[in-house]
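S.K.: Heads up, the sequence shown is in our numbering, so the first residue is 620 and it goes up one at a time. Pasting in a structure now, in structure tokens, and then I'll have a few things to ask.
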Amino acid sequence: MNTETFPILTTERLTLRGLSIDDYQDIFDLRSDTEVSKFLNRQLCKTTEDAKNFINKVNESIEKGGTYYWVIYLTDTKQVVGTICIFDFSIEKNSCEIGYELMMKFQGYGIMQEAAQKVIDFVFQNLKFKKILAFTHYENKKSTKLLLKLNFLKSIEENKENPKITIFTLAK
Numbered sequence: 620m621n622t623e624t625f626p627i628l629t630t631e632r633l634t635l636r637g638l639s640i641d642d643y644q645d646i647f648d649l650r651s652d653t654e655v656s657k658f659l660n661r662q663l664c665k666t667t668e669d670a671k672n673f674i675n676k677v678n679e680s681i682e683k684g685g686t687y688y689w690v691i692y693l694t695d696t697k698q699v700v701g702t703i704c705i706f707d708f709s710i711e712k713n714s715c716e717i718g719y720e721l722m723m724k725f726q727g728y729g730i731m732q733e734a735a736q737k738v739i740d741f742v743f744q745n746l747k748f749k750k751i752l753a754f755t756h757y758e759n760k761k762s763t764k765l766l767l768k769l770n771f772l773k774s775i776e777e778n779k780e781n782p783k784i785t786i787f788t789l790a791k
């Protein structure tokens, strides 16, 4: 990943920057947490090597232009608290998908709302997409609440591939 051209986004409390191999311990902590991953359909990281492989895979996707993936950290302390990404870009549909995860001890403080709003602004202002999709497990109340606060609308159509997943859309 070219760190000189990857967009760094900042808010009052947060800095969102590109993912680095040096983040492997934080990524391991995040992706090995069973509570954080409870509603995500993915393998848990079992070793720091798994985390490093994930980082390399993400950065390859960024190089190809198919993803933006930010590490979220508290600007004051430089402590990594989560990640947020946009992916699955569709030129035909003029849309992308957003995904995020936050370490448990930092949930409930408005951090992800702040980070997500900054990424939403980036999508609409810089990438010029007209629509952002989010998919969340119907039991993931925290994610649903966040998406509704960010003005996403819950889709009435059912996800045919997985009926436990709710689709949310934010259109400009």
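Where is the CB? At the ideal position from N, CA and C, for every residue including glycine. Predicted model only: the values in this text are computed from it and were never measured.
How about Ile703 and Val738: do their beta carbons lie closer than 7 Å?
M.R.: One-based indexing of the sequence shown puts residue 703 at position 84. One-based indexing of the sequence shown puts residue 738 at position 119. Result yes, Cβ atoms of Ile703 and Val738 sit closer than 7 Å.
S.K.: Taking the beta strand (DSSP E) that Phe771 belongs to, which residues open and close that run?
M.R.: Position 152 of the sequence shown, counting from 1, holds the residue named residue 771. Here Phe771 belongs to no beta strand (DSSP E), and DSSP marks it neither H nor E.
S.K.: If you draw a straight line from the C-alpha of Lys712 to the C-alpha of Ile751, how long is it?
M.R.: Residue mapping note: residue 712 aligns to position 93 of the sequence shown, counting from 1. Residue mapping note: residue 751 aligns to position 132 of the sequence shown, counting from 1. The straight-line gap from Cα to Cα measures roughly 10 Å.
S.K.: Tell whether a beta-carbon distance below 7 Å holds between Ile717 and Ala670.
M.R.: Counted from its first residue, the sequence shown places residue 717 at position 98. Counted from its first residue, the sequence shown places residue 670 at position 51. Contact flag unset, no.
S.K.: Since I believe Lys779 is in contact with Tyr757 (beta carbons under 8 Å), could you give me their beta-carbon distance rounded to a whole number of angstroms?
M.R.: As a working mapping, residue 757 is identified with position 138 in the sequence shown. As a working mapping, residue 779 is identified with position 160 in the sequence shown. Not quite, the Cβ-Cβ distance comes to about 15 Å (not below 8 Å), so this is no contact.
S.K.: To the nearest angstrom, how far is the alpha carbon of Arg650 from that of Leu663?
M.R.: As a first step, residue 650 must be located in the sequence shown, where it is residue number 31. As a first step, residue 663 must be located in the sequence shown, where it is residue number 44. The straight-line gap from Cα to Cα measures roughly 6 Å.
S.K.: Quick check: the segment 763-773 against the segment 718-732, are at least 3 beta-carbon pairs closer than 8 Å?
M.R.: The segment 718-732 is in contact with the segment 763-773.
S.K.: Based on Cα-Cα distance, which residue from Cys715, Thr788, Thr624 lies nearest to Lys773?
M.R.: Here residue 773 refers to the residue found at position 154 when the sequence shown is read from its first residue. Closest option to Lys773, Cα to Cα, is Thr788.
S.K.: If you drop the 5 nearest sequence neighbours on each side, which residues of the same chain put their C-beta closer than 8 Å to that of Asp645?
M.R.: For the purposes of this step, residue 645 is identified with residue 26 of the sequence shown, where counting begins at 1. Excluding sequence neighbours, Asp645 sits near Val690, Val699.
S.K.: For Val655, which residues from the same chain have a beta carbon less than 8 Å from its beta carbon, with the 5 sequence-adjacent residues on both sides left out?
M.R.: Indexing the sequence shown from 1 puts residue 655 at position 36. Same-chain partners within the cutoff: Leu649, Glu720, Leu721, Met722, Met723.
S.K.: Measuring only the C-alpha atoms, how far is Leu633 from Ile705?
M.R.: To locate residue 633, count along the sequence shown from 1; it is residue 14. To locate residue 705, count along the sequence shown from 1; it is residue 86. Between Leu633 and Ile705, the C-alpha separation is close to 18 Å.
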